[in-house]
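Protein chains in written order, with my numbering: chain A, 1 to 394; chain B, 1001 to 1374.
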C-alpha cells in the first residue's frame, strides 16, 4: 500500500484553502487597504468643498444636486457602488417629502440612482412625477425613455421619443426612435435613418455622437453586420475610450468571434468592473491564462456577498458566470429568468435562451420566445439560439 | 451635457455595470444563555469616510493606523448599535480588534461582549444605524445564533430593528430535527451509500474457487450484513463525535478523497475478491473516515452549545436509521435474486465496476481539485 501512503501524503501536502478568518497582522506597517484616492487628490478636494456646501444647508437644491451628480459621475467612472450611496445621502433632505413637492431635478437625480440599482418601477414613478411637474424636462424625458425601453414598455418609449423631438432634440429623438424600431423588427430602415441623421449633424455634441455611434453599432448587430458594428464601436471608443458599456458590448462581439487576445489587451486595466471582469476572465480562460482562476474566485466572492444582502442587481452577470464558470445551468437559468422579469433587452433574452439550452428546457424560455414573436426582433443570434432550442426534445 | 452620455448606458446596454459591491458590515451575535458575544466586521473604506483612518494621508491604511484609531472606531461604531434586553439597554465592551478581508477589501473586526445586567434574560432587540446618515444604501448583515438556531437579517434604514429570539426549540424538537438531517444526509450522501452498497452486494455470496458462489441460507447472509453495518456504524460514530466536538480535525480535502478511495476499494473487492469474511474490518477502518465526512455536515449545520450531546446523538441515530432503510430494501432483494445470472452479470460485477469508476473520478476530482462531474 505504499502508493496509498504516497497519495495521502500528497493530499495533505496540497495547499488547502480554508475559509477566511479574522487575523492579527503581525506588524503595524502592514498595509491593509489602498484607498481609491488620497485626501490631497483634486477629486477629494473638490468633494470636500461640495460636501461642506451641502452640509451647511442640506435643503439647498443646488448644493445637493452638485454633490449628488459628482458622486454619480464617480460611480460611472469607477464602477464603485459606494459612491451611489453617498449620492443618495446628499438627497436625503427630501427622503420623506411627498413627490409633488420634491424639486424636479431632485426627483430626476433620485431616479437615476434607482435605475442604476435596477429599481426601474420606482425610478419610473419618480420620473412620472418629475414630468408631471415639468412636461418639457429633457433629462426626465430622456431617462424615462431609457427606463421604458429596458422594461419593454414600447408604446411609452415612442411617446417619450416624440416629446424629445418636440423639445428640439432632433438627433437624440431620431436615435431614440431608431433604437425602438430596431427592436420592433425594422432594423434596416432605422439603421439607415439614424446614419443619415448623424451625417446631417456633423457638429453634434461629442457625447451625442458617441451615443449615436453606439446605437448604430447595436442596430448593425441585429442586422448581422458585424463588420459595421465593429467600425461603429471603434468610432465610439475613439470619442470616449473609458465608456464601460461600449467596452462591454464591443468585447462581447469580439468574444463571439473568439478574438480573445484583443479582449485581454482592451480590458487589462478594467478588472475593477464586474461586467468587464467577467469578459476579461472569459477571454483569459479561453487563452489558458493562469489569472483566469483568480478572477473567477473574485467574482464568486462578489456574487456571494451580493446574495447576503439580497441584492439582485448582478443577476445577469451571475447567471453567465454560473453558466460558463460554475457548470451550474440550473442556477443560471433561475437567475436568467429573474433578470428577465426585471429587464428585457436582447442581451437578457440571449441569456435566457442560452441557459434554457444548457438545461435542454424548451418551456423555460417561453416568455422570451413570446417576446421575440411579439416584437419581431431580427437579431440573428437570438434566432439561431431559438432554433437550436426548438430542436431540443420537448 | 452629461445626460446624453448617460442615456447611452441605458439604451445600449441592459444592465449598468456594477463593480465593487455596495457598503455592508457583517455583524454576528451569539447568545449563550444570558451571555451575548459579538463580532462586527466594518469596512476600512467606510470607516475612513466616516471618521478618517488614513492619518498620514498617503492613501493607504496600515494596521498601525487602525490600531491607533481603535478608540475612535469603537466610539463611532458602538454608538450606532443599540442592544436591549427586557427593555434595558445593554452595555458593550470591545475585547479585541482584528483584521479580515471580504470580497471588496479589508475590514476592521471588533470582538465584543454584551452585558445586559443581572437577571436580564429572554429576548433581545438590536437597533442598527451605522453609516445610514452617510450612505442610505449601507446594510448591516446580521447573523444571530442562539439556542442552536441561526437567523440572518439584512438591516437597513427602513428595517433597522430586529428582535433576537432566544427561546430554544424544545429538546425533542431539536433532537428530531437533527435526526432528520442525519437521515437526509445519508440519502443524499451518494458516496456513503455507494460504499455501503459495495460492501452489501457480496453479502449474499460466499467466496468460491473462482470468484463467488451464492449463499445457501438467509441467516449467514444476515449476520454478515449485521457485522458490516455494525462495524461501519460504530466506527463512524466514533469519528463523527470526535470531529463534531472539535477534538480531532482533518482537512476536508483529505477526508473527502479518502472516502472516495474507500468506495473504490470496496467496489474493486467485489470484482477481484481479496477480503470477504473480514469485510466488517474494512467497514470499520473506512467507517472512521466516513465519520469525518458526516461531521463536516454537522459543523455546517452548527451545533447548539446548550444541547450538544442531544444534537449529536440525534444526528447519528438519523444516519443509522437512513442506513438501515437502505439495508432493509437492498439485502432481501439481493438475496431473492442471488442465484440468477442477472444479479451476477448485470448487477454485481458491472455495478461494482461502475461504482469503482465513479469513485476513481471522485478521487481525482477531490484529490486534485478538478471538475469531472458537473
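Cβ atoms here follow ideal geometry from the backbone N, Cα and C, with glycine treated the same way.
All of these numbers come straight from a predicted model, not from anything done at the bench.
(1) Between residue 1285 of chain B and chain A, is there a C-beta pair that is closer than 8 angstroms?
(2) Specify the secondary structure class of residue 1080 of chain B as computed by DSSP and reduced to three states.
(3) Do you know whose CA, among A:172, A:228, A:191, A:147, lies nearest residue 209 of chain A's CA?
(4) Taking 7 angstroms as the limit between beta carbons, can you name the residues of its chain near residue 1322 of chain B, skipping five residues before and five after?
(5) In chain C, which residues lie with their C-beta within 8 angstroms of the C-beta of residue 35 of chain A?
(6) Keeping to the same chain, check which residues put their C-beta closer than 7 angstroms to that of residue 351 of chain A; ignore five residues upstream and five downstream.
(7) Figure out for me which residue from B:1328, B:1242, B:1059, B:1108 has the closest Cα to the Cα of residue 1094 of chain B.
(8) So who's on the other strand from residue 1102 of chain B, going by DSSP bridges?
(9) With distances taken between CB atoms, is the gap from residue 1199 of chain B to residue 1279 of chain B smaller than 8 angstroms?
(10) Let me check understanding here. Comparing Cα to Cα, which of B:1244, B:1318, B:1116, B:1286 lies closest to residue 1308 of chain B?
(11) Based on the DSSP output, what are the partners of residue 1161 of chain B in its beta bridges?
(12) Got a sec? Which residues, its chain only, sit under 7 angstroms from residue 322 of chain A by beta carbon, not counting five neighbours each side?
(13) Distance, Cα to Cα, residue 1236 of chain B vs residue 1363 of chain B?
(14) Below 6 angstroms CB to CB, which residues in the same chain sit around residue 1264 of chain B once its five sequence neighbours on both sides are set aside?
(15) List the residues of chain B whose Cβ lies closer than 8 angstroms to the Cβ of residue 23 of chain A, in chain order.
(16) Among B:1283, B:1234, B:1055, B:1046, which has the Cα closest to the Cα of residue 1398 of chain B?
(17) Return helix, strand or coil for residue 1197 of chain B, following the three-state DSSP convention.
(18) Could you check how far apart the C-beta atoms of residue 67 of chain A and residue 54 of chain A are, in whole angstroms? I think they sit under 8 angstroms.
(19) Exposed or buried, what is residue 1138 of chain B when buried is set at 16 or more other beta-carbons lying within 10 Å of its beta-carbon?
(20) If you follow the beta strand (DSSP E) that residue 23 of chain A is part of, which residue opens it and which one closes it?
(21) To the nearest whole angstrom, what separates the beta carbons of residue 89 of chain A and residue 1133 of chain B, a pair I think is in contact under 8 angstroms?
(22) Sorted by chain position, which residues of the same chain lie with C-beta nearer than 6 angstroms to residue 1010 of chain B's C-beta, five sequence neighbours on each side aside?
(23) For a contact meaning CB atoms closer than 9 angstroms, what does residue 88 of chain A contact in chain B?
(24) Between the stretch 1112 to 1119 of chain B and the stretch 1036 to 1053 of chain B, do three or more beta carbon pairs fall short of 8 angstroms?
(25) Which partner residues does residue 1155 of chain B have in the DSSP bridge list?
(26) Just to check my reading of the structure: residue 182 of chain A and residue 144 of chain A have Cβ atoms closer than 8 angstroms, yes? What is that Cβ distance to the nearest angstrom?
(27) Quick one: list the residues of chain A neighbouring residue 1103 of chain B, beta-carbon separation under 8 angstroms, in chain order.
(28) Note the first and the last residue of the continuous alpha helix (DSSP H) segment covering residue 196 of chain A.
(29) How about residue 212 of chain A and residue 198 of chain A: do their beta carbons lie closer than 8 angstroms?
(30) Going along the chain, which unbroken runs of the alpha helix (DSSP H) with 4 or more residues stay wholly within the stretch 129 to 170 of chain A?
(31) Starting from residue 365 of chain A, trace the alpha helix (DSSP H) in both directions and tell me its first and last residue.
(32) Report the option in A:35, A:378, A:238, A:193 whose CA atom is closest to the CA atom of residue 1052 of chain B.
(33) Just checking, does the stretch 89 to 105 of chain A make contact with the stretch 117 to 131 of chain A on the three C-beta pairs under 8 angstroms criterion?
(34) Considering only DSSP beta bridges, list what residue 31 of chain A is partnered with.
(35) What in chain B is Cβ-close to residue 30 of chain A, meaning under 7 angstroms?
(36) Consult DSSP for residue 1096 of chain B and reduce its assignment to one of helix, strand or coil.
Well, looking at it:
(1) Sequence index remark: in the second chain, residue 1285 of chain B carries index 285 (1-based). Output row for residue 1285 of chain B: interface = no.
(2) Here residue 1080 of chain B is taken as the residue at index 80 of the second chain, counted from 1. Residue 1080 of chain B falls in the coil class under three-state DSSP.
(3) Within the first chain, numbered from 1, the residue matching residue 209 of chain A stands at position 209. Ranking the options by Cα distance to residue 209 of chain A, first place goes to A:172.
(4) Counting from one through the second chain, the residue named residue 1322 of chain B turns up at place 322. Once the five neighbours on either side are set aside, the close Cβ partners of residue 1322 of chain B are 1182, 1183, 1186, 1187.
(5) Here chain C cannot be found, since the structure's protein chains are A and B.
(6) The residue given as residue 351 of chain A occupies position 351 in the first chain. Around residue 351 of chain A: 316, 319, 320, 336, 339.
(7) For this step, residue 1094 of chain B is matched to residue 94 along the second chain. It is B:1108.
(8) Position 102 of the second chain holds residue 1102 of chain B. The partner list for residue 1102 of chain B (beta bridge, DSSP) reads B:1105.
(9) Here residue 1199 of chain B refers to the residue found at position 199 of the second chain. Here residue 1279 of chain B refers to the residue found at position 279 of the second chain. Yes, Cβ-Cβ distance for residue 1199 of chain B and residue 1279 of chain B is below 8 angstroms.
(10) Here residue 1308 of chain B refers to the residue found at position 308 when the second chain is read from its first residue. Among B:1244, B:1318, B:1116, B:1286, the Cα nearest to that of residue 1308 of chain B is on B:1244.
(11) Locating residue 1161 of chain B in the second chain gives position 161, counting from the first residue. In DSSP, residue 1161 of chain B forms a bridge with B:1127.
(12) The residue labelled residue 322 of chain A in the question sits at position 322 within the first chain. The answer, listed in chain order, is 328, 331, 332, 335.
(13) Residue mapping note: residue 1236 of chain B aligns to position 236 of the second chain, counting from 1. Residue mapping note: residue 1363 of chain B aligns to position 363 of the second chain, counting from 1. Their Cα atoms are separated by approximately 20 angstroms.
(14) Here the question's residue 1264 of chain B lines up with position 264 in the second chain. Same-chain partners within the cutoff: 1356, 1359, 1360.
(15) As a working note, residue 23 of chain A is residue 23 in the first chain. Near residue 23 of chain A (Cβ distances below 8 angstroms), the residues of chain B are 1098, 1099, 1100.
(16) Residue 1398 of chain B is absent from the model: chain B starts at 1001 and stops at 1374.
(17) The sequence position of residue 1197 of chain B within the second chain is 197, counting from 1. DSSP places residue 1197 of chain B in helix when its eight states are reduced to three.
(18) Counting from one through the first chain, the residue named residue 67 of chain A turns up at place 67. Counting from one through the first chain, the residue named residue 54 of chain A turns up at place 54. At roughly 5 angstroms, the Cβ-Cβ gap stays under 8 angstroms, so residue 67 of chain A and residue 54 of chain A are in contact.
(19) Taking the second chain and counting its residues from 1, the one referred to as residue 1138 of chain B is at position 138. Result: buried.
(20) Residue numbering aside, residue 23 of chain A sits at position 23 when the first chain is read from its first letter. Element bounds for residue 23 of chain A: n/a, residue is neither H nor E.
(21) Position 89 of the first chain holds residue 89 of chain A. Position 133 of the second chain holds residue 1133 of chain B. 7 angstroms between Cβ atoms; contact.
(22) By 1-based counting over the second chain, the position of residue 1010 of chain B is 10. Because the pLDDT at residue 1010 of chain B is just 41, under 50, the model does not fix this residue reliably, and the point stays unresolved.
(23) As a first step, residue 88 of chain A is located in the first chain; it is residue number 88 there, counting from the start. Per Cβ cutoff of 9 angstroms: 1135, 1136, 1137.
(24) yes
(25) Looking up residue 1155 of chain B in the second chain gives position 155. Answer by DSSP bridge pairing, in chain order: B:1140.
(26) As a working note, residue 182 of chain A is residue 182 in the first chain. As a working note, residue 144 of chain A is residue 144 in the first chain. Between residue 144 of chain A and residue 182 of chain A the Cβ distance is about 19 angstroms, and since that is not below 8 angstroms, they are no contact.
(27) Residue mapping note: residue 1103 of chain B aligns to position 103 of the second chain, counting from 1. Per Cβ cutoff of 8 angstroms: 298, 301, 302, 304, 305.
(28) Along the first chain, one-based indexing puts residue 196 of chain A at 196. Run containing residue 196 of chain A: 187 to 200, per the alpha helix (DSSP H) assignment.
(29) Reading the first chain from its first residue, position 212 is the one you call residue 212 of chain A. Reading the first chain from its first residue, position 198 is the one you call residue 198 of chain A. For residue 212 of chain A and residue 198 of chain A, yes; Cβs fall inside 8 angstroms.
(30) 138 to 150, 154 to 166
(31) Numbered from its first residue, the first chain carries residue 365 of chain A at position 365. Neither: residue 365 of chain A is in no alpha helix (DSSP H) and is coded neither H nor E.
(32) To locate residue 1052 of chain B, count along the second chain from 1; it is residue 52. Considering only alpha carbons, the answer is A:35.
(33) yes
(34) Translated into positions along the first chain, residue 31 of chain A becomes position 31. According to DSSP, which records beta bridges pairwise, residue 31 of chain A is partnered with B:1062.
(35) Residue numbering aside, residue 30 of chain A sits at position 30 when the first chain is read from its first letter. Per Cβ cutoff of 7 angstroms: 1062, 1063.
(36) Walking along the second chain from the start, residue 1096 of chain B turns up at place 96. Of the three classes helix, strand and coil, the one that applies to residue 1096 of chain B here is strand, per DSSP.
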